[in-house]
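Chains as they are written, first to last, in our numbering: chain A, 1 to 240; chain B, 1001 to 1459.
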């Protein structure tokens, strides 16, 4: 049986190479002998979650996020049901905001969101960007990444990340994202699974376990060395 | 002429003094303006500027376009003041304006040409209004400070005063949308041909949706990425009314509105830069032989293309701006058009020279896939982020046997000295350029590089 990886709104929400997350998981599953299929869902197409093993959605501009929100709400039941039944997936960058209770636009108009997590988001005029170092309860290794957003998210509970240090002009709360079983949201953007081999392993193992496949340890030295280099650069940058 | 206050004169004097001191120690294209503005925040409002003010902004090609405009204006006998050192934020612009001003507060030139940083344009043009305002393009660029192109669109929009005549790249939908419904806008572009596809073959498509109404855009052809001819069937926004158009591009020549202009530069992006420059000159009434001659003779002075020799090998360094995938893609175009034995060196050691970030997401926006070419014998990935590069290449069809990964730029460069590498192309940013060139003999721009004897892998 093919393992289906769905990349939601791959044409609308795809800032800064986030498709790399899908490629990375796909490669890791193939390394473990899985037969896989990547489904690049496009805006306007029906979202079908039957038989899906991994659901991914990435960041977009604020304008395009609201366009996606208006569409994804047509599938609220299917998506919440997928997650609540233990579905595996990741919403990264501002796509994480789709999973909260609501999103308020710049005119303070509030839109209901999927409501998987308790947090609410307000889009703002200022831009917060910067490298971050975080911890998670999912594994002992440090999570590294980059945030680039024009929003404030509040009322975060069951967060995915505790932010340990923040650089540049970034202001974010001490916590970020959410965890619901093996479904994760985070404002970290870009190919976050490539930047964080432990997170890639978390998802690869979750998918393999679901399909009764043994997940072997990764032998990808490049990804580990890149992670270590980025971590040392970030630690060195601010004497963390 | 404005009424110059005493403190304005002091501000001019301070600026000139700090500039002179800075020059003596080899620094300071922005500091003098910063000091002057701190002393007298409104001084720029009271400087008498030339009647003709040309502004240039956009993600890529600002400096090159300004160089071409200035050279052409001078060729037509006009005197010009411009930010020749490329300091394009408010402080840098204040520096060059105040330093070009006499003590009566007059910039006694025919034309002022201002290169404006995208984020700073709204601050700069609070003090004066351009006659012609060129916007070259809006690309994914420096995500660490810019966010994304739509955000920059909003910021640039704040800098456009009523009555300003926009000169826009018609081939870039987001840029062209500045002129949607705006009277008097001038558009320039490159015409399509039967060899171009309407399909996007890039890592991402920033032209998928209409910048005006968010409906899906349809393309007639694409020059590269989202640059081409597009139409929105919902709101009617399209590439239209192109007044200045390149209709033919040959190896050393372009045809622009019927004029044959010599083209000594590399890459289609420079055709757009030249188009922007010609459009400005023509709008000012200088669609002259002198303009054509000046553009034909133009070579870039800003160090974006450098010829070099290392060991017995010759090469070209193409400055490609980290965090800017389109800039890298255009360099990859140059490599792919070479079609003879070649080695490509990609260096990512410091992501930025201006701020710290270790983010490498932008590598996934670059079309490295297009380096899967039979004549490339080696691809060397160098610098602190060489492993990020190696991982990025693992998602391409490039033969992994030709990849060499080197954490130290010095080691990568030294190894280029000892065997026939074919023509070497170094793709890197200003932040890392000097680390490569430190190992090379830099050659004159017009040096004719001899062909290599290296074998070409025909597989």
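Built from N, CA and C at the ideal position, the CB exists for glycine as well.
Considering Cα atoms alone, identify which of the options is closest to residue i.
i, options, result
"residue 223/A", "27/A, 150/A, 16/A and 78/A", "27/A"
"residue 1255/B", "1090/B, 1190/B, 1373/B and 1266/B", "1190/B"
"residue 39/A", "18/A, 48/A and 146/A", "48/A"
"residue 1345/B", "1319/B, 1031/B, 1126/B and 1337/B", "1319/B"
"residue 1145/B", "131/A, 152/A, 57/A and 136/A", "131/A"
"residue 1087/B", "1078/B, 1073/B, 1056/B and 1134/B", "1056/B"
"residue 42/A", "134/A, 72/A, 10/A and 202/A", "10/A"
"residue 19/A", "1429/B, 1204/B, 1359/B and 1230/B", "1204/B"
"residue 216/A", "136/A, 30/A, 89/A and 65/A", "30/A"
"residue 1247/B", "1232/B, 1304/B, 1267/B and 1275/B", "1275/B"
"residue 1406/B", "1153/B, 1416/B and 1243/B", "1416/B"
"residue 1136/B", "1151/B, 1188/B, 1182/B and 1113/B", "1188/B"
"residue 56/A", "81/A, 70/A, 101/A and 6/A", "6/A"
"residue 1008/B", "1025/B, 1030/B, 1022/B and 1043/B", "1043/B"
"residue 1063/B", "1045/B, 1032/B and 1114/B", "1114/B"
"residue 64/A", "1212/B, 1033/B, 1241/B and 1433/B", "1212/B"
"residue 1030/B", "1095/B, 1432/B and 1259/B", "1095/B"
"residue 1272/B", "1168/B, 1359/B, 1304/B and 1180/B", "1168/B"
Looking at residue j and residue i, is the spacing between their C-beta atoms short of 8 Å?
i, j, result
"residue 1028/B", "residue 1014/B", "no"
"residue 1388/B", "residue 1427/B", "no"
"residue 1192/B", "residue 1236/B", "no"
"residue 1324/B", "residue 1089/B", "no"
"residue 1011/B", "residue 1036/B", "yes"
"residue 213/A", "residue 87/A", "no"
"residue 1312/B", "residue 226/A", "no"
"residue 1174/B", "residue 1132/B", "no"
"residue 1440/B", "residue 1243/B", "no"
"residue 1160/B", "residue 1178/B", "yes"
"residue 1233/B", "residue 1347/B", "no"
"residue 1004/B", "residue 1126/B", "no"
"residue 1278/B", "residue 1295/B", "yes"
"residue 1069/B", "residue 1280/B", "yes"
"residue 1437/B", "residue 1317/B", "yes"
"residue 1332/B", "residue 1367/B", "yes"
"residue 1054/B", "residue 1093/B", "no"
"residue 1224/B", "residue 1365/B", "no"
Could you give the DSSP three-state label for residue i: helix, strand or coil?
i, result
"residue 1069/B", "helix"
"residue 165/A", "strand"
"residue 1343/B", "strand"
"residue 1082/B", "strand"
"residue 7/A", "strand"
"residue 1450/B", "coil"
"residue 1408/B", "coil"
"residue 1309/B", "strand"
"residue 126/A", "strand"
"residue 1/A", "coil"
"residue 144/A", "strand"
"residue 1043/B", "helix"
"residue 1087/B", "coil"
"residue 43/A", "coil"
"residue 1360/B", "coil"
"residue 57/A", "strand"
"residue 1259/B", "strand"
Whose C-beta lies closer than 7 Å to the C-beta of residue i among residues of the same chain, with five residues either side of it excluded?
i, result
"residue 1290/B", "1075 and 1076"
"residue 185/A", "91, 96, 99, 117, 160, 177 and 178"
"residue 75/A", "47"
"residue 231/A", "142 and 144"
Keeping to the same chain, check which residues put their C-beta closer than 6 Å to that of residue i; ignore five residues upstream and five downstream.
i, result
"residue 62/A", "123 and 150"
"residue 1404/B", "1380"
"residue 1128/B", "1049"
"residue 1079/B", "1109 and 1110"
"residue 1264/B", "1299"
"residue 1184/B", "1165"
"residue 1215/B", "1232 and 1234"
Less than 8 Å between C-beta atoms, sequence neighbours within five positions excluded: which residues of the same chain meet that for residue i?
i, result
"residue 1107/B", "1047, 1048, 1049, 1050, 1081, 1097, 1100 and 1101"
"residue 200/A", "24, 25, 28, 193, 194, 218 and 223"
"residue 1039/B", "1007, 1010, 1011 and 1014"
"residue 209/A", "215"
Less than 7 Å separating the Cβ of residue i from some heavy atom of the ligand NAD?
i, result
"residue 123/A", "Because no ligand of any kind appears in the structure shown, any question about the ligand NAD cannot be addressed here."
Residues of the segment 149 to 161 of chain A whose Cβ lies closer than 8 Å to any Cβ of chain E, in chain order:
Among the protein chains of the structure shown, namely A and B, there is no chain E.
When the Cβ atoms of the segment 1285 to 1297 of chain B are set against those of the segment 1189 to 1200 of chain B, are three or more pairs found closer than 8 Å?
no
Evaluate the contact criterion for the segment 1372 to 1388 of chain B versus the segment 1409 to 1417 of chain B: three or more CB pairs, one atom per stretch, below 8 Å.
yes
Inter-stretch contact at 8 Å, needing at least 3 Cβ pairs: the segment 1418 to 1425 of chain B / the segment 1323 to 1340 of chain B:
yes
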